[in-house]
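4 protein chains.
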Amino acid sequence: MTDQSQEEEKENPRTTRVRQIILDCACDLLLNSGAGEVTATRVAQETGVARTTIYRHWPDQASLVMETIDCLVAPHVPTPSSGSLETDLQNTLTGLRGRLVTRNVRPVFAALVDYSSRDKSFVPSQQRFVEGLIQPTTTVLEAAQERGELPARLDCAVAATLLAGPLIHQYLVMHEDIEDELINQVTTQFIRLHGTR
Amino acid sequence: MTDQSQEEEKENPRTTRVRQIILDCACDLLLNSGAGEVTATRVAQETGVARTTIYRHWPDQASLVMETIDCLVAPHVPTPSSGSLETDLQNTLTGLRGRLVTRNVRPVFAALVDYSSRDKSFVPSQQRFVEGLIQPTTTVLEAAQERGELPARLDCAVAATLLAGPLIHQYLVMHEDIEDELINQVTTQFIRLHGTR
Amino acid sequence: MTDQSQEEEKENPRTTRVRQIILDCACDLLLNSGAGEVTATRVAQETGVARTTIYRHWPDQASLVMETIDCLVAPHVPTPSSGSLETDLQNTLTGLRGRLVTRNVRPVFAALVDYSSRDKSFVPSQQRFVEGLIQPTTTVLEAAQERGELPARLDCAVAATLLAGPLIHQYLVMHEDIEDELINQVTTQFIRLHGTR
Amino acid sequence: MTDQSQEEEKENPRTTRVRQIILDCACDLLLNSGAGEVTATRVAQETGVARTTIYRHWPDQASLVMETIDCLVAPHVPTPSSGSLETDLQNTLTGLRGRLVTRNVRPVFAALVDYSSRDKSFVPSQQRFVEGLIQPTTTVLEAAQERGELPARLDCAVAATLLAGPLIHQYLVMHEDIEDELINQVTTQFIRLHGTR
DNA sequence: CTTTAATCGAGACGGTACGTCGTGTCTTAGA
DNA sequence: TCTAAGACACGACGTACCGTCTCGATTAAAG
Numbered sequence: 069m070t071d072q073s074q075e076e077e078k079e080n081p082r083t084t085r086v087r088q089i090i091l092d093c094a095c096d097l098l099l100n101s102g103a104g105e106v107t108a109t110r111v112a113q114e115t116g117v118a119r120t121t122i123y124r125h126w127p128d129q130a131s132l133v134m135e136t137i138d139c140l141v142a143p144h145v146p147t148p149s150s151g152s153l154e155t156d157l158q159n160t161l162t163g164l165r166g167r168l169v170t171r172n173v174r175p176v177f178a179a180l181v182d183y184s185s186r187d188k189s190f191v192p193s194q195q196r197f198v199e200g201l202i203q204p205t206t207t208v209l210e211a212a213q214e215r216g217e218l219p220a221r222l223d224c225a226v227a228a229t230l231l232a233g234p235l236i237h238q239y240l241v242m243h244e245d246i247e248d249e250l251i252n253q254v255t256t257q258f259i260r261l262h263g264t265r
Numbered sequence: 069m070t071d072q073s074q075e076e077e078k079e080n081p082r083t084t085r086v087r088q089i090i091l092d093c094a095c096d097l098l099l100n101s102g103a104g105e106v107t108a109t110r111v112a113q114e115t116g117v118a119r120t121t122i123y124r125h126w127p128d129q130a131s132l133v134m135e136t137i138d139c140l141v142a143p144h145v146p147t148p149s150s151g152s153l154e155t156d157l158q159n160t161l162t163g164l165r166g167r168l169v170t171r172n173v174r175p176v177f178a179a180l181v182d183y184s185s186r187d188k189s190f191v192p193s194q195q196r197f198v199e200g201l202i203q204p205t206t207t208v209l210e211a212a213q214e215r216g217e218l219p220a221r222l223d224c225a226v227a228a229t230l231l232a233g234p235l236i237h238q239y240l241v242m243h244e245d246i247e248d249e250l251i252n253q254v255t256t257q258f259i260r261l262h263g264t265r
Numbered sequence: 069m070t071d072q073s074q075e076e077e078k079e080n081p082r083t084t085r086v087r088q089i090i091l092d093c094a095c096d097l098l099l100n101s102g103a104g105e106v107t108a109t110r111v112a113q114e115t116g117v118a119r120t121t122i123y124r125h126w127p128d129q130a131s132l133v134m135e136t137i138d139c140l141v142a143p144h145v146p147t148p149s150s151g152s153l154e155t156d157l158q159n160t161l162t163g164l165r166g167r168l169v170t171r172n173v174r175p176v177f178a179a180l181v182d183y184s185s186r187d188k189s190f191v192p193s194q195q196r197f198v199e200g201l202i203q204p205t206t207t208v209l210e211a212a213q214e215r216g217e218l219p220a221r222l223d224c225a226v227a228a229t230l231l232a233g234p235l236i237h238q239y240l241v242m243h244e245d246i247e248d249e250l251i252n253q254v255t256t257q258f259i260r261l262h263g264t265r
Numbered sequence: 069m070t071d072q073s074q075e076e077e078k079e080n081p082r083t084t085r086v087r088q089i090i091l092d093c094a095c096d097l098l099l100n101s102g103a104g105e106v107t108a109t110r111v112a113q114e115t116g117v118a119r120t121t122i123y124r125h126w127p128d129q130a131s132l133v134m135e136t137i138d139c140l141v142a143p144h145v146p147t148p149s150s151g152s153l154e155t156d157l158q159n160t161l162t163g164l165r166g167r168l169v170t171r172n173v174r175p176v177f178a179a180l181v182d183y184s185s186r187d188k189s190f191v192p193s194q195q196r197f198v199e200g201l202i203q204p205t206t207t208v209l210e211a212a213q214e215r216g217e218l219p220a221r222l223d224c225a226v227a228a229t230l231l232a233g234p235l236i237h238q239y240l241v242m243h244e245d246i247e248d249e250l251i252n253q254v255t256t257q258f259i260r261l262h263g264t265r
């Protein structure tokens, strides 16, 4: 009945609106201009909201950035299974590559790494964000495990690291493109080792 | 004879000393307090060198940080080969893990990611830095290839990504510890796939 | 009724107070330490006001000095007329001499000359300041003219220059004291020439 | 015999040359760009002489400016007497007005006033400079006195102040032009009072 | 004609001030 | 009640000039 209102504590609609305007602008700035521009001053200029209003909702720049980033955690989009684990992995990893590029992940990642390095309370946010990226891979592995295509004792999280790790390393850490060849190698290698046929 | 001395242009020793003092302090600050503290003002306070002197050597904060980071690129330390590729890889990856921790790589990485995200001219620095970390792995692979333990057509750089990528992803991206198990998996998987016995 | 209040725009009292603190200190510095010390940095140190606050009110050092000087323009103090033009002039010029000394006019004049020489927009300030010094003389002359003691066609401004000019020249330009003799000569000469008995 | 050589101490010709180059440039800067530009840095840029060389000859900026100004003290140019004191005075004062303008006296005066206000040792320089301007007037008066056209008890220095003072006040202090009318008034007034016919 | 000493060029260095920008706190008015 | 508007203290930025200080490289004069 009042289910949703009890979470929100009957927040003033004006407040909600302003918060949203600010967050939208912050997301925009983060994705398009980098974390360095997610600034009370900049958001105020951009939105017309007063700088003091921003500080009323977030005690400081860090917490605004934190919440901005959490807005950008990729929601889990299930990929339809093709039946073959190898194909599924290929598809998932290709999808990951696609999302890294189209979602403009680099600036968000940069913000996370930067803030995490000075404030450990950002680490969970960073983990959540990266897990959001890897999640589909883990899901595919778990499905395969359920179907018996992977040994039950396999730790799917570790396995996902083996699969997605090289891609993320290549793109976010090395700042280089992910070649099809890399996806192939990663997948083939994994299947050969763990695939139960 | 005087070939190499002519590159250095006989720089005033005082200048060299002051530059070194500044860089040392900057490295210190970067490693222990984070890139945000690598500031002309802060370095000046810390070293007693005048702020203007710093600006004489580096036009701005970014270039000081850039050079500071380049000071921290891990020099290549050759690991003695044990004869067995598997053992070599285990050792090398364990060494990588050790260096990640003892070298306090996270703040450096954070600085690189941060600066690269706003200024693409930092990307090469970032690549150089990460390659400096991975280099031993590549070396081990090339040695094995020479010995015939790996197929000649194998691209050692890609292979190194497959091996070191998951570790770096785990430590720098996921902010989590590298378990022995991960090193084992990565190594075994690689050997099984490519090892020519 | 609210006519005059609308000019002032109901400025925040704190702001008014801070502006005044700054100006007071600037006047002090100008009079006692010279224009060279009227510096944002110096005023900030002296008053405890932040340097940036000063820059909020005055875009640069020059405009602060300009306003400081305008604070020091001598307000017109009417001298009671003795009935005799000669005595009035003696009194007024003696008063001028007194004000030159007690008001510590030299540093203000120095500032004006200095700034005017590089920025013509200071010239009006300089004129206003000097006219503020001469004003009583002009007033005395005008009163005498009204009483018929001076010919109606006499240009009082020029006449004031003839009277006050030598004094100011002696004190501000030649950096020498003004002897009673000089005042006497100037007055006598003027009365003999223009006095209508 | 060695009269002149003993003053100059057989100075190195290179030194003399460099000193002259610097002073020439300093005069130029003082007259055309104002005292604020008479700077070691600026002179060095302008002349190609090293900044350190300037400091070798003058301990600081002030002493360079001081010497620069002394170069600009107007040499006494005798004006031919017309026989009539009134005409002589008219000519001399008109000449003074001319020199004020053509000699570009304002920036020099500004420099003198500025430096004198912070360092009393500049006061004599300022007096010398202004006396250089007034000197012809005094000379004319003394000649007239000699001829008996002025009473012997007249203090020519004071008289010169009465005559030249208003002009200098008008031009240097009030920053306004000197009208012919002012010269007339000053002269007539003086003659009427002191002229012995 | 060379050698030796004065002088110069070049530029690092420690300072001080500049004017700008951003932060986070605060107060006052207005919707 | 919450927002707008903006002053304020703080502190870093990057710049300009000061006056001091090495260093080599020129140049001048003396041997």
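Protein chains in written order, with our numbering: chain A, 69 to 265; chain B, 69 to 265; chain W, 69 to 265; chain H, 69 to 265.
Just so you know, even glycine gets a beta-carbon here, dropped at the ideal spot from N, CA and C.
Quick one, are the C-beta atoms of residue i and residue j less than 8 angstroms apart?
i, j, result
"isoleucine 89 (chain W)", "alanine 108 (chain W)", "no"
"alanine 179 (chain B)", "alanine 103 (chain B)", "yes"
"phenylalanine 258 (chain A)", "leucine 222 (chain A)", "no"
"arginine 196 (chain A)", "valine 145 (chain A)", "no"
"leucine 99 (chain B)", "proline 192 (chain B)", "no"
"isoleucine 251 (chain B)", "leucine 161 (chain B)", "yes"
"arginine 167 (chain B)", "leucine 201 (chain B)", "yes"
"valine 86 (chain A)", "leucine 97 (chain A)", "no"
Of all the options the options, which has the alpha carbon lying nearest to the alpha carbon of residue i?
i, options, result
"threonine 229 (chain W)", "H:Gly166, H:Gly163, H:Glu249", "H:Glu249"
"glutamate 51 (chain B)", "B:Cys93, B:Glu154, B:Asp187, B:Leu97", "No answer is possible for residue 51 (chain B): the residues shown for chain B start at 69 and end at 265."
"proline 219 (chain B)", "B:Val133, B:His262, B:Glu247", "B:His262"
"valine 241 (chain H)", "H:Val173, H:Val117, H:Arg119", "H:Val173"
"leucine 164 (chain W)", "W:Ser101, W:Ala130, W:Tyr239", "W:Tyr239"
"aspartate 138 (chain A)", "A:Gln194, A:Thr115, A:Arg85", "A:Gln194"
"arginine 124 (chain H)", "H:Cys95, H:Pro143, H:Thr84", "H:Thr84"
"cysteine 95 (chain H)", "H:Gly116, H:Val117, H:Ala118, H:Met134", "H:Met134"
"proline 234 (chain W)", "H:Val254, H:Val111, H:His243", "H:Val254"
"threonine 147 (chain A)", "A:Asp245, A:Val198, A:Pro81, A:Thr205", "A:Thr205"
Counting only beta-carbon separations shorter than 8 angstroms, does residue i have a partner in chain B?
i, result
"alanine 178 (chain A)", "yes"
Compare the C-beta of residue i with all C-beta atoms of chain H and state if any pair is closer than 8 angstroms.
i, result
"valine 181 (chain W)", "yes"
"glutamine 195 (chain W)", "yes"
"arginine 87 (chain W)", "no"
"arginine 186 (chain W)", "yes"
Where does residue i land, buried or exposed, given buried means 16+ other C-beta within 10 angstroms?
i, result
"glycine 151 (chain A)", "exposed"
"glutamine 113 (chain W)", "exposed"
"alanine 212 (chain W)", "buried"
"cysteine 93 (chain W)", "buried"
"aspartate 156 (chain H)", "buried"
"valine 169 (chain W)", "exposed"
"alanine 227 (chain B)", "buried"
"aspartate 128 (chain A)", "exposed"
"asparagine 159 (chain H)", "buried"
What first and last residue would you give for the alpha helix (DSSP H) that runs through residue i?
i, result
"alanine 179 (chain H)", "173 to 186"
"glutamate 249 (chain A)", "248 to 262"
"proline 234 (chain A)", "224 to 236"
"phenylalanine 197 (chain B)", "191 to 215"
"alanine 108 (chain H)", "108 to 115"
"tyrosine 239 (chain W)", "First-last for tyrosine 239 (chain W): undefined, no H or E at that position."
"arginine 165 (chain H)", "153 to 170"
Using a C-beta cutoff of 8 angstroms, does residue i count as contacting chain W?
i, result
"valine 198 (chain H)", "yes"
"isoleucine 137 (chain H)", "no"
Spell out whether any CB of chain A is found under 8 angstroms from the CB atom of residue i.
i, result
"methionine 134 (chain B)", "no"
"leucine 153 (chain B)", "no"
"glutamine 203 (chain B)", "no"
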